[in-house]
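Numbering (our numbering), first residue to last: 758 to 1012. Cβ coordinates follow ideal geometry from the N, Cα and C atoms, glycine included. Comments concern the structure below.
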Ligand code: ATP
Ligand code: MG
């Protein structure tokens, strides 16, 4: 079992879109996948068709009370083999509620021990922030998968990203690795995009996935229907890209 944190402190770079669609395609390939939505925005939750009004136990309850993770896991009705710990806006309060809790960085890590070996992969969708929620995710994870959007400001965040990972590695999670970098909203016809790619490759070498995710309107539409792209339009460019990404991900696991 491997736990992967989808993280970039920059907002709107494609973390959630990558989480929903990578998890779905891996599940379709027969992997048993759990996704934990640790973002109060709950975009993975709604993007997988879960009605937030009908959630009884969420990531908030998992982090702030002594429930078992088994009680918070819901089967995703849309996709076989895919399970989720959903999130609601209540989770925004956890930052403050956990301030005085001992060992608050390790809560998720401890809870995950209860599902050890039950899944092939656990993916955690992080918020675009560096608070206690993200720290819990990074502490619980084996590795970090980072989407980077091909735009001018993309590189500004990269230094900070690497620093954060180094810091967590030093103090909370010595084994944390970089799983990979995914170039999202990619348009190889622009000079800027190519420049960003060159810079990112200089920095991360073979950690950069060969598969890139194009800008694709269908990917942007599918969350409003609560569907992963493979159920919304499995022929579109975005769907093809995420399926390829899942295949490349699995190939890299065998190396
Ligand atoms: P946040 O930091 O707020 O959690 P995020 O990093 O999770 O954001 P997403 O929510 O995945 O980013 O994407 C941001 C917006 O861009 C969303 O409206 C999403 O539908 C859209 N989007 C993501 N990837 C693509 C793509 N490849 N093509 C077109 N639109 C995309
Ligand atoms: Mg998101």
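Which one of the options has the shortest CA to CA distance from residue i?
| i | options | result |
| --- | --- | --- |
| residue 916 | 960, 770, 952 | 960 |
| residue 767 | 861, 887, 935 | 887 |
| residue 952 | 974, 972, 911 | 911 |
| residue 945 | 939, 937, 954 | 954 |
| residue 834 | 854, 807, 975 | 807 |
| residue 850 | 797, 827, 998 | 797 |
| residue 858 | 822, 972, 816, 814 | 822 |
| residue 947 | 986, 909, 813, 930 | 909 |
| residue 1000 | 976, 983, 980, 950 | 976 |
| residue 943 | 949, 927, 972 | 972 |
Quick check: the Cα distance between residue i and residue j, rounded to an integer number of angstroms?
| i | j | result |
| --- | --- | --- |
| residue 899 | residue 1012 | 16 Å |
| residue 762 | residue 881 | 5 Å |
| residue 894 | residue 760 | 9 Å |
| residue 974 | residue 855 | 39 Å |
| residue 889 | residue 811 | 26 Å |
| residue 758 | residue 1010 | 11 Å |
| residue 805 | residue 962 | 33 Å |
| residue 885 | residue 922 | 14 Å |
| residue 869 | residue 827 | 9 Å |
| residue 809 | residue 799 | 8 Å |
| residue 929 | residue 866 | 11 Å |
| residue 816 | residue 980 | 20 Å |
| residue 813 | residue 978 | 27 Å |
| residue 920 | residue 853 | 24 Å |
| residue 988 | residue 883 | 24 Å |
| residue 848 | residue 1002 | 30 Å |
| residue 991 | residue 875 | 29 Å |
| residue 927 | residue 997 | 38 Å |
Apart from the five residues on each side of it in sequence, which residues of its chain come closer than 7 Å, Cβ to Cβ, to residue i?
| i | result |
| --- | --- |
| residue 818 | 824, 829 |
| residue 863 | 896 |
| residue 788 | 838, 877, 878 |
| residue 967 | 1005 |
| residue 873 | 758 |
| residue 936 | 761, 900, 901, 902 |
| residue 918 | 765, 766, 903 |
| residue 861 | 855, 889 |
| residue 1018 | Here the chain comprises residues numbered 758 to 1012, so residue 1018 is not present and cannot be evaluated. |
Going by beta carbon distance, what residues of the same chain come within less than 8 Å of residue i, once the five residues before and after it are set aside?
| i | result |
| --- | --- |
| residue 941 | 770, 771, 774, 775, 904, 905, 906, 907, 969, 970 |
| residue 957 | 905, 911, 912, 915, 938, 940, 965 |
| residue 925 | 892, 895, 896, 933 |
| residue 871 | 825, 826, 827 |
| residue 949 | 907, 908, 909 |
| residue 993 | 973, 975, 976, 986 |
| residue 1091 | The displayed coordinates of the chain run from 758 to 1012. Any statement about residue 1091 would go beyond what the structure contains. |
Given residue i, which residues of its chain have a CB within under 6 Å of its CB, disregarding the five upstream and five downstream residues?
| i | result |
| --- | --- |
| residue 1019 | Because residue 1019 is not part of the residues shown, which for the chain are 758 to 1012, the question remains open. |
| residue 820 | 851, 864 |
| residue 802 | 794, 843, 844 |
| residue 778 | 985, 986, 999 |
| residue 836 | 781, 784 |
| residue 995 | 973, 975, 976, 986 |
Any contact between the segment 835-844 and the segment 787-799? By contact I mean 3 or more CB pairs, one from each, below 8 Å. They touch, by the three-pair rule.
Give me every residue whose Cβ sits closer than 5 Å to any heavy atom of the ligand MG, in chain order. Those residues that bring their Cβ nearer than 5 Å to a heavy atom of the ligand MG are 772, 773, 800.
Taking one C-beta from the segment 996-1011 and one from the segment 776-790 each time, how about it: are there three or more such pairs within less than 8 Å? yes
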